[in-house]
Amino acid sequence: MESPAQRRLNALQSHLLPSAVSAAEDESLIGRNVTSSSSSPPFFVDQQYSVVLPEKLQTGKWNVYRSARSPMKLLSRFDDHPEIGTLHENFVHAVETYRDYKHLGTRIRVDGTVGEYKWMTFGEAATAREAVGSGLRYYGLEQGACVGLYFINRPEWMVVDHACSAYSYISVPLYDTLGPDAVKFVVNHSGIKAIFCVPETLNTLLSFISSIPSVRLIVVVGGADEHLPSLPSTPSVKFVSYLKLLGQGRRNLQPFCPPKPDDIATICYTSGTTGTPKDNLKLMDDLAALRPTIFCSVPRLYNRIYAGITNAVSTSGALKERLFRAAYNSKRQAIMKGIQANN
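Numbering-wise (UniProt numbering), the sequence shown opens with residue 1 and increments by one.
This is the structure in structure tokens:
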């Protein structure tokens, strides 16, 4: 009779990839991707990226997953990249490897009209990251301080996060959907020293600025020519525009202060499941224009996308519904067979 350990080993072994599939072969299957258009890399549908362990979590309802590259133990570094052990080192490697590749894209909206995507390369993001981190040092932010990010998705969000990784700051997302009381709680609970915000969220911060004594610096991103609005007199808090911070950083560049692997990288507070869903239509429009090869999200957003599509199809009439089902099934079969199709 097999022991539990042997059964576990057998179950794991059944998930393992053939040894013939090396890391180099796996990497060769991913080509250079401008966006997901005619240059999309082929999908290797037989490749497994995770394996299901034979046991369940304590609740008994959820599976346990591990990387197919190391199902038997957790890893802190991969053998083919032993130099990468932190987010900072990972981004440094990406910049060295893909400096001129597209990294962060923004869809410009002028006068309500949606334009094309404007891109920032890995190299440009790295330059901005160094300026932001140096700017924070210039304004006296000490290593290990918490930095709040209080705005919706935009390139500056990622640049600031990269800067936090490079200079050993702890990033703390402040979701724009949080109410004032929740934002105030997160700021005080984590002891945030600097906050990056936009003019809209700045107004929220100003409504309780005297109740967040740990904050010493507020950086305002965007706005009309990045000119700061009229601000209250608060001697303990310095207000600067993002462009001014970048300028100060460029003129006073500081060496990186790389974090150790066991240092805290970010603190995320749960936002709950309440609130009215917003910007579904914008999301669909952006996805149609970008045509991404890989789309990463959270289950709640996938559910919203699914509900939006199925509701639209079910109310579009019998003919359109049949056409949608036929197109969906055709696309699904093509993906399962590894056939590349750009429609």
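Don't be surprised by glycine CBs; every beta carbon is placed ideally from N, CA and C.
All values derive from a computational prediction rather than experimental measurement.
Rounded to the nearest angstrom, what separates R300 and L149 at their Cα positions?
22 angstroms
Leaving out five residues on either side along the sequence, give the residues of the same chain with a beta carbon under 7 angstroms from the beta carbon of S28.
Here the model assigns S28 a pLDDT of 37, short of 50, so the residue's position is not dependable and the matter cannot be decided.
Determine the extent of the beta strand (DSSP E) in which T127 is found, giving its start and end residues.
Where T127 is concerned, there is no enclosing beta strand (DSSP E), although the alpha helix (DSSP H) it sits in stretches over F122 to Y138.
Measuring only the C-alpha atoms, how far is A166 from Y328?
44 angstroms
Would F122 be called buried (16 or more neighbouring beta carbons within 10 Å of its own) or exposed?
buried
So, at 6 angstroms on beta carbons, what are the nonlocal neighbours of G135 in its own chain, with the 5 sequence-adjacent residues on each side left out?
L245, Q248 and G249
Tell whether a beta-carbon distance below 9 angstroms holds between W119 and H93.
Taking 9 angstroms as the cut-off, the beta carbon of W119 is found no closer than this to the beta carbon of H93.
Which two residues bound the contiguous alpha helix (DSSP H) that contains T106?
No alpha helix (DSSP H) contains T106, which is instead part of the beta strand (DSSP E) from K102 to V110.
Can you tell me whether DSSP reads S316 as helix, strand or coil?
coil
Whose CA, out of S168, D181 and S211, lies closest to the CA of E142?
S168
For the alpha helix (DSSP H) containing P155, name the first residue and the last one.
Start and end: P155 to A166.
Three-state class that DSSP yields for E116 in the structure shown
strand
Tell me the DSSP bridge mates of residue 344?
The structure shown does not extend to residue 344, since the chain spans only 1 to 343, so no value can be given for it.
Less than 9 angstroms between the beta carbons of V221 and F196, yes or no?
yes
Going by DSSP, which residues form a beta bridge with E81?
First, the residue type needs correcting, since residue 81 is His and not Glu in the sequence shown. In the DSSP assignment, the residues bridged to H81 are F78.
Buried or exposed (CB count within 10 angstroms, at least 16 for buried), C146
buried
If you check the beta carbons only, do K260 and T97 fall under 9 angstroms apart?
no
Name the two residues that bound the continuous alpha helix (DSSP H) containing L246.
Y242 to R251
Roughly how many angstroms separate the alpha carbons of P199 and L74, rounded to a whole number?
43 angstroms
Rounded Cβ spacing between T106 and R154 (contact assumed at less than 8 angstroms):
7 angstroms
Looking at the structure shown, is S207 part of a helix, part of a strand, or coil, going by DSSP?
helix
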